[in-house]
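In the numbering used here, the protein residues as written are 69 to 503. One structure is given here, and the rest of the page talks about it.
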Ligand code: SF4
């Protein structure tokens, strides 16, 4: 079967000279298992230069039969295993997954939509989550212990989520508590705390649990403003992690001056700030970012406008403030999908988000002109670690009665994380979207 919207295929065509264009690295052509053991890291693609934490999960060797199988053979084996497993298994595919994987998914969406899809399907004994590690953790937190959540390649982490580890956040919290020790909750101001921790959905279960323990909350890219409002009702400030851009873009749109949003560098005392600026802060932004969305620039927007008169530029809020300010609109992946669905035929869109989603949208909506702002083909390197070979392996293992690559959050962490997730749902029960 030819997959027309395949980023993988585009990369191969560019590499062979059959198609014009540019990719960010020739290493994209390497199979993910080439780097599982020899070069543990995020893999080729947009976040390959980000330093990987030493304790990141590692993927063991994929059995040879899956490494050597052709694309057609893998597709046939995945279909056959899927048929044999029936309703016992549910395959979830994130918007940013390669087409060769997404086509087998029972449900495609953003991270929180997928976690909710898993929760809504208690009959499935195994949830095969084609996404990245924090997403599988969230699905495990929200599903029953009877269900196994499986990540086909354990090396599919998220470099942004990994930029805020629990030890650094605990240390930052200690420093802030010391700094704000003289700020007693003021009963006249509703007993507000000095600072409320807010974590983006794109974070480890340990950070969600931290927020649950410390009066904090989780947010998604769809509900970040609602969540910040919730936090400001309860605290004088917010400590926002791990994505500085989502925090800054959201708080700025709510009227928080940029000068009152200091950046917290976890490697420096007080995050590299002086005490005064932290006392004056409204939102303390963790120094994390998404390497995929960091690639979008104002000059790309200018070029899109110069080349397409009526172009609508929509970018994800993980892009920098300058890019969000220069775009026509910004919003979550769900916002982008709905904007395209609702547009009159013949519309032109320049999209600032991951290339797999943009190429798929361009194929699904041929009545529009849809292109990625970044002309260089550079997928999310961690999403790209999920290859059909791993999917075939985890499914055939299930057929044989073996659960491989299970992602499991310990019960204490899960219980605290659920508190922060439930606060988010209570802040706006109809909000279920994420990056
Ligand atoms: S696109 Fe960015 S935030 Fe999403 S998984 Fe990749 S690195 Fe993480």
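The C-beta atom is built at its ideal place from N, Cα and C for all residues, glycine as well.
Query raised in the report: Can you tell which of 172, 415 and 351 has the C-alpha that lies nearest to the C-alpha of residue 149?
Result: Checked all of 172, 415 and 351; the closest Cα to residue 149 is 172.
Query raised in the report: Helix, strand or coil: which one does DSSP assign to residue 266?
Result: Three-state DSSP puts residue 266 in a strand.
Requested in this report: Would you decide whether residue 449 is buried or exposed? Buried here means 16 or more other CB atoms lie within 10 Å of its CB.
Outcome: Buried.
Report task. Just the C-alpha distance for residue 379 and residue 475, rounded to the nearest angstrom, thanks. Result -> The straight-line gap from Cα to Cα measures roughly 42 Å.
Query raised in the report: Quick one: does the C-beta of residue 583 sit closer than 6 Å to a heavy atom of the ligand SF4?
Result: For the chain, the structure presents residues 69 to 503; residue 583 sits outside this window and is missing.
Query - Residues that DSSP places opposite residue 91 in a beta bridge - result: Paired residues: 445.
Requested in this report: Answer with buried or exposed for residue 501, where buried requires no fewer than 16 other C-beta atoms within 10 angstroms of its C-beta.
Outcome: Low confidence applies here, because residue 501 scores a pLDDT of 37, under 50, leaving its location unreliable and the question unanswered by this model.
Requested in this report: Quickly, what does DSSP pair residue 474 with across the bridge? List them, please.
Outcome: Bridge pairing for residue 474: 218 [DSSP].
Report task. Report whether the distance from the Cβ of residue 226 to the nearest heavy atom of the ligand SF4 is below 6 Å. Result -> At a cut-off of 6 Å, the beta-carbon of residue 226 counts as near the ligand SF4: some heavy atom of the ligand is closer than that.
Query raised in the report: What did DSSP end up calling residue 311 once you bin it into helix, strand or coil?
Result: Residue 311 falls in the strand class under three-state DSSP.
Query raised in the report: Closer than 7 Å, CB to CB, is residue 147 near chain D or not?
Result: Going by chain labels, chain D is absent from the structure shown, which holds only one protein chain.
Query raised in the report: Taking residue 526 as the reference, which of 402, 336, 472 and 287 has the closest Cα?
Result: No answer is possible for residue 526: it lies beyond the span of the chain, which begins at 69 and ends at 503.
**Report entry** Through-space distance from residue 260 to residue 240, alpha-carbon basis
**Finding:** If I take the Cα positions, the gap works out to 20 Å.
Query - In chain order, each alpha helix (DSSP H) run of at least 4 residues that lies wholly inside the region 345 to 404 - result: Qualifying alpha helix (DSSP H) stretches, in chain order: 366 to 375 and 389 to 394.
Query - For residue 260, three-class secondary structure by DSSP - result: Residue 260 falls in the strand class under three-state DSSP.
Query raised in the report: Taking 6 Å as the line, does the beta carbon of residue 381 fall inside it for any heavy atom of the ligand SF4?
Result: Checking the Cβ of residue 381 against the ligand SF4 gives no.
Query raised in the report: Under a Cβ-count criterion, where at least 16 other Cβ atoms within 10 Å of its own Cβ denotes burial, should residue 288 be classed as buried or exposed?
Result: Buried, because 16 or more other Cβ atoms sit within 10 Å of the Cβ of residue 288.
Query raised in the report: Starting from residue 416 and walking both ways along the beta strand (DSSP E), at which residues does that stretch end?
Result: Residues 416 to 420.
Report task. Could you say which of 263, 375, 281 and 276 lies nearest to residue 351 if we only look at CA atoms? Result -> Nearest C-alpha to residue 351 among 263, 375, 281 and 276: 263.
Query raised in the report: Out of curiosity, what's the CA-to-CA distance linking residue 118 and residue 362?
Result: Cα to Cα, the separation comes out at about 12 Å.
Report task. Measure the CB-CB distance between residue 423 and residue 391 and report whether it falls below 7 Å. Result -> No. Outside cutoff.
Requested in this report: Using only alpha-carbon positions, find the residue among 153, 483, 146 and 165 that is nearest to residue 113.
Outcome: That would be 165, whose Cα lies nearest to the Cα of residue 113.
Report task. Could you name each continuous beta strand (DSSP E) segment of 3 residues or more that falls completely within the region 160 to 195, going from the start of the chain to the end? Result -> Fully enclosed beta strand (DSSP E) runs of 3 or longer: 175 to 177.
Query raised in the report: How would you write the range of the beta strand (DSSP E) that residue 286 sits in, first residue to last?
Result: Where residue 286 is concerned, the enclosing beta strand (DSSP E) stretches over 285 to 287.
Requested in this report: Report yes if the C-beta distance between residue 341 and residue 325 is below 7 Å; otherwise report no.
Outcome: Taking C-beta atoms as the reference points, residue 341 and residue 325 fail to come closer than 7 Å.
Requested in this report: Take the Cβ of residue 276 as the centre, count every other Cβ of all protein chains shown within 10 Å, and call the residue buried at 16 or more, exposed below.
Outcome: Buried: at least 16 other Cβ atoms inside 10 Å.
Query raised in the report: How do the region 199 to 208 and the region 298 to 305 stand: do at least 3 beta-carbon pairs fall below 8 Å, yes or no?
Result: By the Cβ rule, the region 199 to 208 does not count as touching the region 298 to 305, because fewer than three pairs are nearer than 8 Å.
**Report entry** Given residue 305 as reference, the closest of 247, 211, 151 and 334 once Cα atoms are compared
**Finding:** Of 247, 211, 151 and 334, the residue nearest in Cα terms is 247.
Query raised in the report: If you measure from the CB of residue 290, is any heavy atom of the ligand SF4 nearer than 6 Å?
Result: Answer for residue 290: no, Cβ out of range of the ligand SF4.
Report task. Could you name the residues that DSSP lists as bridge partners for residue 158? Result -> Looking at the DSSP assignment, residue 158 forms a beta bridge with 195.
Query raised in the report: In chain order, what residues of the same chain have a beta carbon less than 6 Å from the beta carbon of residue 360, not counting five sequence neighbours either side?
Result: Only 114, 422 and 448 meet the Cβ criterion.
Report task. Look at the alpha carbon of residue 317 and the alpha carbon of residue 477, and state the distance between them as a whole number of angstroms. Result -> One C-alpha to the other measures close to 31 Å.
Report task. Can you give me the start and stop residues for the alpha helix (DSSP H) that residue 279 sits inside? Result -> Element bounds for residue 279: 273 to 281.
**Report entry** Length of the line joining the Cα atoms of residue 284 and residue 156
**Finding:** Cα-Cα distance, rounded: 36 Å.
Query - Span of the alpha helix (DSSP H) around residue 423 - result: Residue 423 -> alpha helix (DSSP H) spans 423 to 432.
Query raised in the report: Looking only at its own chain, which residues have a Cβ that is under 6 Å from the Cβ of residue 433, when we skip the five neighbours before and after it?
Result: These residues qualify, in order along the chain: 408.
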